[in-house]
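Below, the structure is given as structure tokens:
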């Protein structure tokens, strides 16, 4: 696995993207809210700065990690990813729509996950496959 996608560019999504990027993976952060996307890379940079201050990351890692983060407002841009983490708002209809629209564009071996704590992931995935 080398390419990762994250649906949802809020605090949770940008944090997950940050972790992937610091681990050396390319990550595409997707959100339909272009304002959230505009702030997402800045949020990743702030998270890395906080990690550097705690001694959990090196200053030299910051530029490379940020360069690994791409953004998009189009779900289909995630089609080539090996792993996708859905972090959208906890509204079941929103999650269902994401899974239904996304899954037809994925490779058969793509791993699709959700950070949901409330809804059946099996049911969400069954909508698209």
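In my numbering, the protein residues as written are 1415 to 1543.
Ideal Cβ positions, reconstructed from N, Cα and C, are used throughout, including at glycine.
Spatial distance of residue 1427 from residue 1462 (CA atoms): 14 Å
Verify whether the separation of the beta carbon atoms of residue 1517 and residue 1526 is less than 8 Å. Going by C-beta atoms, residue 1517 is nearer than 8 Å to residue 1526.
Residue 1446, DSSP secondary structure in three states: coil
Here's the rule I'm using: 16 or more other beta-carbon atoms within 10 Å means buried, otherwise exposed. How should residue 1488 be labelled? exposed
Quick one: using the 10 Å Cβ neighbour count with 16 as the cut-off for buried, is residue 1438 buried or exposed? exposed
If you drop the 5 nearest sequence neighbours on each side, which residues of the same chain put their C-beta closer than 6 Å to that of residue 1476? 1462
Between residue 1470 and residue 1416, how many whole angstroms is the CB-CB distance? I'm expecting something under 8 Å. That belief does not hold up - the Cβ atoms of residue 1470 and residue 1416 are roughly 23 Å apart, past 8 Å.
Using the rule of at least 16 other Cβ atoms within 10 Å of the residue's Cβ for burial, across every protein chain shown, is residue 1435 buried or exposed? buried
Own chain residues within Cβ distance below 8 Å of residue 1472, not counting five before or after: Once the five neighbours on either side are set aside, the close Cβ partners of residue 1472 are 1466.
Does the region 1499-1510 touch the region 1477-1485, meaning 3 or more C-beta pairs lie closer than 8 Å? no
Does any residue of chain E have a CB that is nearer than 8 Å to the CB of residue 1473? Checking the listed chains, one finds no chain E in this structure; it contains a single protein chain.
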